[in-house]
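J.:
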Amino acid sequence: AAQQGMEIAHIHHPDIGRTKDAAQNQAVCSATGEYLIFIDGDCIPFSTFIEGHVIHSASKRVMSGRRVNLSDTLSRKLRQGTLSSERLEKFYSWYALRYLIWNDEAHYEQGFYINPNGPAYRYFFQKRIRNTQILGCNFSCYKKDFIAINGFDESYGLSILGDDTDLNWRFADYGAELRSCKNIANLFHLHHKRPTYDYDPSEDLKRFNERKAAHQFFCEHGVNQYCSDK
Numbered sequence: 039a040a041q042q043g044m045e046i047a048h049i050h051h052p053d054i055g056r057t058k059d060a061a062q063n064q065a066v067c068s069a070t071g072e073y074l075i076f077i078d079g080d081c082i083p084f085s086t087f088i089e090g091h092v093i094h095s096a097s098k099r100v101m102s103g104r105r106v107n108l109s110d111t112l113s114r115k116l117r118q119g120t121l122s123s124e125r126l127e128k129f130y131s132w133y134a135l136r137y138l139i140w141n142d143e144a145h146y147e148q149g150f151y152i153n154p155n156g157p158a159y160r161y162f163f164q165k166r167i168r169n170t171q172i173l174g175c176n177f178s179c180y181k182k183d184f185i186a187i188n189g190f191d192e193s194y195g196l197s198i199l200g201d202d203t204d205l206n207w208r209f210a211d212y213g214a215e216l217r218s219c220k221n222i223a224n225l226f227h228l229h230h231k232r233p234t235y236d237y238d239p240s241e242d243l244k245r246f247n248e249r250k251a252a253h254q255f256f257c258e259h260g261v262n263q264y265c266s267d268k
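For the sequence shown, the residue numbers in this note's numbering are 39 to 268.
#1: Nearer than 7 Å: is that true of the beta carbon of histidine 51 relative to any heavy atom of the ligand ATP?
#2: Just tell me which of Tyr137, Arg245 and Val92 has its CA closest to the CA of glutamine 254.
#3: Spatial neighbours of alanine 47 within its chain, please: CB distance less than 7 Å, with the 5 preceding and 5 following residues excluded, ordered by chain position.
#4: Can you check the region 153 to 214 for any alpha helix (DSSP H) of at least 4 residues that lies completely inside it and give the ranges in chain order?
#5: Is it buried or exposed for lysine 181, if we count other Cβ within 10 angstroms and need 16 for buried?
#6: Excluding the 5 residues flanking proline 239 on each side, which residues of the same chain have their C-beta closer than 6 Å to its C-beta?
#7: For serine 97, which residues in the same chain have their Cβ closer than 8 Å to its Cβ, ignoring the five residues on either side in sequence?
#8: In this structure, what does DSSP give as the bridge partners for arginine 217?
#9: Taking just the CA atoms, how far does tyrosine 161 sit from glycine 79?
#10: What do you reckon, are the CB atoms on proline 157 and histidine 94 nearer than 8 Å?
#11: Please report the distance separating the alpha-carbon of tryptophan 140 from that of phenylalanine 129.
#12: Let me know the secondary structure DSSP gives cysteine 257 once reduced to three states.
#13: According to DSSP, histidine 227 sits in a beta bridge with which residue or residues?
#14: Taking one C-beta from the region 79 to 92 and one from the region 226 to 243 each time, how about it: are there three or more such pairs within less than 8 Å?
#15: When DSSP labels each residue in this structure, what does leucine 121 get in the three-state scheme?
#16: Rounding to the nearest angstrom, what Cα-Cα distance links glycine 260 and phenylalanine 87 in this structure?
#17: Where does tyrosine 130 fall in DSSP's three states?
#18: Could you tell me how far apart the beta carbons of asparagine 176 and arginine 232 are, in whole angstroms, since I believe they sit closer than 8 Å?
#19: For the alpha helix (DSSP H) holding isoleucine 88, just list the boundary residues, first then last.
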């Protein structure tokens, strides 16, 4: 991106625990473009990733993709530089057959790319897609629609509800269409140990259900803390 003359801004936040939603809200305020694409730091997008999100983008539409959960072996190869993401993408069928197809948690099928401009996608595959639930590591929307629901709800603290599950119903309640970009906006998720948090989620779940029942799609502790003037 830098080689193409694009301006890149790195937004930092304190390492004080799980503050992903706050960091992303602040990053949105710094974004100068009109369209937002969200990924996680442990994910590697395909070369066609951005095109896959943008090609069917529209106002009041959220594009929701999926990910391939790579094995520990493939993840180590990528980190050590003995395997490039370009090669993994190009020869994905071979690597999937050798390392991923036998692992139920890999979701290897999410790594097969289908040309969104081709007849196979338009007339067959797109019509068969059912799951449009937002996944926090792979979704996109117009910035004005993100602002309209006040972004990520930071009140959930250690809970992962705010990453995607909460966004899902709030976008829908706002009137946005949730559309899948499965198999056209692909990415790899690197294997790593899952962090553990010692907390009781019952209060977060109660608050989540109360807000959903009350149709409070505009959250109180969201992006407007940082960019109310933008």
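Just so you know, even glycine gets a beta-carbon here, dropped at the ideal spot from N, CA and C.
T.: On the basis of the supplied data:
#1: The ligand content of the structure shown is nil, which means the ligand ATP is not present either.
#2: Here residue 254 is taken as the residue at index 216 of the sequence shown, counted from 1. Ranking the options by Cα distance to glutamine 254, first place goes to Arg245.
#3: Position 9 of the sequence shown, counted from the start, is the residue given in the question as residue 47. So the list reads Ser68, once near-sequence residues are dropped.
#4: 181 to 186 and 203 to 212
#5: On the sequence shown, position 143 is the one that residue 181 refers to. Counting Cβ neighbours within 10 Å, lysine 181 comes out buried, since at least 16 surround it.
#6: Within the sequence shown, residue 239 is the residue found at index 201, counting from 1. The answer, listed in chain order, is Ser197.
#7: Walking along the sequence shown from the start, residue 97 turns up at place 59. These residues qualify, in order along the chain: Tyr180, Lys182 and Asp183.
#8: As a first step, residue 217 must be located in the sequence shown, where it is residue number 179. In DSSP, arginine 217 forms a bridge with Met101.
#9: The residue you call residue 79 lines up with position 41 of the sequence shown. The residue you call residue 161 lines up with position 123 of the sequence shown. Computed Cα separation, rounded: 34 Å.
#10: Along the sequence shown, read from residue 1 onward, the residue named residue 157 stands at position 119. Along the sequence shown, read from residue 1 onward, the residue named residue 94 stands at position 56. Against a cut-off of 8 Å, the Cβ pair of histidine 94 and proline 157 comes out as no contact.
#11: Residue numbering aside, residue 140 sits at position 102 when the sequence shown is read from its first letter. Residue numbering aside, residue 129 sits at position 91 when the sequence shown is read from its first letter. If you take the alpha carbons of tryptophan 140 and phenylalanine 129, they lie about 18 Å apart.
#12: Against the sequence shown, residue 257 aligns to sequence position 219. It is coil, neither helix nor strand.
#13: Position 189 of the sequence shown, counted from the first residue, corresponds to residue 227. Cys81 and Asn107.
#14: yes
#15: If you number the sequence shown from 1, residue 121 lands on position 83. In the structure shown, leucine 121 sits in coil (DSSP, three-state: anything other than H, G, I, E or B).
#16: Residue numbering aside, residue 260 sits at position 222 when the sequence shown is read from its first letter. Residue numbering aside, residue 87 sits at position 49 when the sequence shown is read from its first letter. Those two C-alpha atoms are separated by around 27 Å.
#17: Position 92 of the sequence shown, counting from 1, holds the residue named residue 130. Helix, per DSSP.
#18: Start at 1 with the first residue of the sequence shown, and residue 176 comes out as number 138. Start at 1 with the first residue of the sequence shown, and residue 232 comes out as number 194. Their Cβ separation, rounded to whole angstroms, is 18 Å, which puts asparagine 176 and arginine 232 out of contact at 8 Å.
#19: Translated into positions along the sequence shown, residue 88 becomes position 50. That run of the alpha helix (DSSP H) goes 87 to 92.
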